[in-house]
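Student:
Number of protein chains: 2
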Amino acid sequence: MKKIIITIGREFGSGGREFGQRLAEAMQIAYYDREIITEIAKRTSMAERYIRQIVERRPIHPFPLTIGQTFCLSAHPVQEQALSIYRAQSRILEEMARKSDCVIVGRCADYILQDRNPFRIFIYADMKSKLERCRNRANPKEKQLSDKDLTRQIQSVDRHRADYYEFYTGQSWGNRLNYDLCLNTSRIPMDEIVLAVAGLFP
Amino acid sequence: MKKIIITIGREFGSGGREFGQRLAEAMQIAYYDREIITEIAKRTSMAERYIRQIVERRPIHPFPLTIGQTFCLSAHPVQEQALSIYRAQSRILEEMARKSDCVIVGRCADYILQDRNPFRIFIYADMKSKLERCRNRANPKEKQLSDKDLTRQIQSVDRHRADYYEFYTGQSWGNRLNYDLCLNTSRIPMDEIVLAVAGLFP
Chain S
-6 MKKIIITIGR
4 EFGSGGREFG
14 QRLAEAMQIA
24 YYDREIITEI
34 AKRTSMAERY
44 IRQIVERRPI
54 HPFPLTIGQT
64 FCLSAHPVQE
74 QALSIYRAQS
84 RILEEMARKS
94 DCVIVGRCAD
104 YILQDRNPFR
114 IFIYADMKSK
124 LERCRNRANP
134 KEKQLSDKDL
144 TRQIQSVDRH
154 RADYYEFYTG
164 QSWGNRLNYD
174 LCLNTSRIPM
184 DEIVLAVAGL
194 FP
Chain E
-6 MKKIIITIGR
4 EFGSGGREFG
14 QRLAEAMQIA
24 YYDREIITEI
34 AKRTSMAERY
44 IRQIVERRPI
54 HPFPLTIGQT
64 FCLSAHPVQE
74 QALSIYRAQS
84 RILEEMARKS
94 DCVIVGRCAD
104 YILQDRNPFR
114 IFIYADMKSK
124 LERCRNRANP
134 KEKQLSDKDL
144 TRQIQSVDRH
154 RADYYEFYTG
164 QSWGNRLNYD
174 LCLNTSRIPM
184 DEIVLAVAGL
194 FP
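The listed protein sequences derive, respectively, from chains S and E. Under the numbering used here, read the first sequence as residues -6 to 195, first letter to last. Under the numbering used here, read the second sequence as residues -6 to 195, first letter to last.
1. Out of E/F194, E/P195 and E/E185, which has the shortest C-alpha to C-alpha gap to S/Q192?
2. Shorter than 8 Å from the beta carbon of E/E11 to some beta carbon of chain S?
3. Can you list the residues of chain E that S/E185 reaches, using a CB-CB cut of under 8 Å?
4. What is the DSSP secondary structure of E/F160, reduced to helix, strand or coil?
5. At a Cβ threshold of 8 Å, is S/A189 touching chain E?
6. On a CA-only basis, which of E/I30, E/R152 and E/N110 is nearest E/R84? Give me that one, please.
7. If I measure Cβ to Cβ from E/G6 and keep anything under 6 Å in the same chain, skipping five residues before and after, which residues do I get?
8. Provide the residue span of the beta strand (DSSP E) that contains E/T31, from first to last.
9. Could you tell me the distance, in whole angstroms, from the CA atom of E/R36 to the CA atom of E/Y161?
10. Check distances from the C-beta atoms of the segment 164 to 183 of chain S to those of chain E and list, in chain order, the residues that come in under 8 Å.
11. By how many angstroms is the C-alpha of E/R42 removed from the C-alpha of E/A75?
12. Using a Cβ-Cβ distance under 8 Å, would E/Y25 count as near chain S?
13. So the beta strand (DSSP E) S/C101 belongs to, where does it begin and stop?
14. For a contact meaning CB atoms closer than 8 Å, what does S/Y117 contact in chain E?
15. Does any residue of chain E bring its CB to less than 8 Å from the CB of S/K(-4)?
16. Using three-state DSSP, classify S/T144 as helix, strand or coil.
17. Note down the Cα distance separating S/Q72 from E/P111, rounded to an integer number of angstroms.
18. Just checking my contact of S/V48 with S/Y157 at CB under 8 Å: how many whole Å lie between their CB atoms?
19. Kindly say whether S/G8, judged by its beta-carbon, lies nearer than 8 Å to any beta-carbon of chain E.
20. Around the Cβ of E/A17, are there at least 16 other Cβ atoms within 10 angstroms (buried) or fewer (exposed)?
21. How would you label E/A189, buried or exposed, when you count the other beta carbons within 10 angstroms and need 16 or more for buried?
22. Quick one: using the 10 Å Cβ neighbour count with 16 as the cut-off for buried, is S/P182 buried or exposed?
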């Protein structure tokens, strides 16, 4: 039987991670998210925290990596590290997808695993609902942020995610044409979304 | 109990109408699509075919109707007719939504009924899958069209839908932020989509 591979792109604060975890639970299949960074750390002997910083940083090159075959890599050390992290990540995702049915959150998995025909979901929400979700899970320091500052922070994380995705895939992040399903979590209770999506894989 | 109003925007050839019909059937609620044009014809004493031509024509004004309160209507007769059709349509949609739970396809219903908090779905598909769907339902003349010509025709209908929607709503057609759910029908069988979405309204 063909393997089920579900990839999830998500806006910051939209509940994409919660959705992914609960979907994997409901379908009783593997779930990969932070595990990927941990695995990269093991293989590259870089610290997890450092890897996280690199993959969350805006790429330095002005053009997507996918443009041009004669693309010449600069010797910028951070850029080289970012690329070696991306390569390690691609290998790890391939291994995970080969192993068993799974849900993978983020990490350009929809693009990296495209030959395996993943089911590509994008999770998003209205800003009001994202603010509320972020407030609920915020640490004491973040709780003191004004709505305006929190909005800016959310937008900034999403801009970085978009840049990262576009740099490595040459595709536009969150553009519906790159996904099979785009879900707005602002109004539908999470329980119902999970049930409905799990129902697509009888 | 709160009324269920489901609005469906759709790309040409994506199966949006079939989805709407089958969803309404599965949920045993009313379905409105071409009925709206028939009703407008009754009330405005214009011919259905003429109304269809008007609503499928690209709006003449260069700015969305929603921009500016001091917008001054031109005396262009087709434009005036288009506006009176839009007004009749708005009234009819309001009445339909008041009457019972329903599924409404197209006609800017998501925007017109926004105060009633409709569940807004957008149905789309890859071009390959839209071409296939169009071929299957084509009349003998259309069947002779090359893929290139059929693609052009599909793109042209969608451009008109986008212009129409943008003109009357000031919003961007197909932009995920205006919808609760965007569904790509290229890979999920229609039966499963209908079941999953109906499941969101237990």
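Ideal Cβ placement from N, Cα and C applies to all residues, glycine included.
Tutor: So, to answer that:
1. Start at 1 with the first residue of the first sequence, and residue 192 of chain S comes out as number 199. Looking at the sequence shown, residue 192 of chain S is not Gln but Gly. That would be E/E185, whose Cα lies nearest to the Cα of S/G192.
2. Looking up residue 11 of chain E in the second sequence gives position 18. Answer no: the Cβ-Cβ gap between E/E11 and chain S never drops below 8 Å.
3. The residue you call residue 185 of chain S lines up with position 192 of the first sequence. Going along chain E in sequence order, the residues near S/E185 (Cβ under 8 Å) are G192, L193 and P195.
4. Position 167 of the second sequence holds residue 160 of chain E. Here E/F160 sits in helix by DSSP.
5. Mapped onto the first sequence, residue 189 of chain S falls at position 196. Yes - at least one Cβ of chain E is within 8 Å of the one on S/A189.
6. Stepping through the second sequence from its first residue, residue 84 of chain E is reached at position 91. Cα-wise, what sits closest to E/R84 is E/I30.
7. For the purposes of this step, residue 6 of chain E is taken as the residue at position 13 of the second sequence. K123, R126, C127 and I147, listed in sequence order.
8. Along the second sequence, read from residue 1 onward, the residue named residue 31 of chain E stands at position 38. That residue, E/T31, is in no beta strand (DSSP E); its alpha helix (DSSP H) goes R27 to T37.
9. On the second sequence, position 43 is the one that residue 36 of chain E refers to. On the second sequence, position 168 is the one that residue 161 of chain E refers to. Looking at the two C-alpha atoms, the distance is approximately 21 Å.
10. G167, R169, L170, Y172, D173, L174, C175, L176, N177, S179, R180 and I181
11. As a working note, residue 75 of chain E is residue 82 in the second sequence. As a working note, residue 42 of chain E is residue 49 in the second sequence. Whole-angstrom Cα-Cα distance: 13 Å.
12. Looking up residue 25 of chain E in the second sequence gives position 32. No, no contact with chain S.
13. Residue numbering aside, residue 101 of chain S sits at position 108 when the first sequence is read from its first letter. First-last for S/C101: undefined, no H or E at that position.
14. Translated into positions along the first sequence, residue 117 of chain S becomes position 124. Residues of chain E passing the Cβ test: R169 and L170.
15. Counting from 1 along the first sequence, the entry for residue -4 of chain S is found at position 3. Closer than 8 Å: no.
16. Here residue 144 of chain S is taken as the residue at index 151 of the first sequence, counted from 1. S/T144: helix per DSSP, three-state reduction.
17. For the purposes of this step, residue 72 of chain S is taken as the residue at position 79 of the first sequence. For the purposes of this step, residue 111 of chain E is taken as the residue at position 118 of the second sequence. For S/Q72 and E/P111, the distance between alpha carbons rounds to 47 Å.
18. For the purposes of this step, residue 48 of chain S is taken as residue 55 along the first sequence, with counting starting at 1. For the purposes of this step, residue 157 of chain S is taken as residue 164 along the first sequence, with counting starting at 1. The Cβ separation is near 7 Å, so the contact holds.
19. Taking the first residue of the first sequence as 1, we reach residue 8 of chain S at position 15. Output row for S/G8: interface = no.
20. The sequence position of residue 17 of chain E within the second sequence is 24, counting from 1. So E/A17 ends up on the buried side.
21. Walking along the second sequence from the start, residue 189 of chain E turns up at place 196. Buried, since its Cβ has 16 or more Cβ neighbours within 10 Å.
22. What you label residue 182 of chain S is simply residue 189 of the first sequence in a count that begins at 1. Classification of S/P182: exposed, given that the 10 Å Cβ count is below 16.
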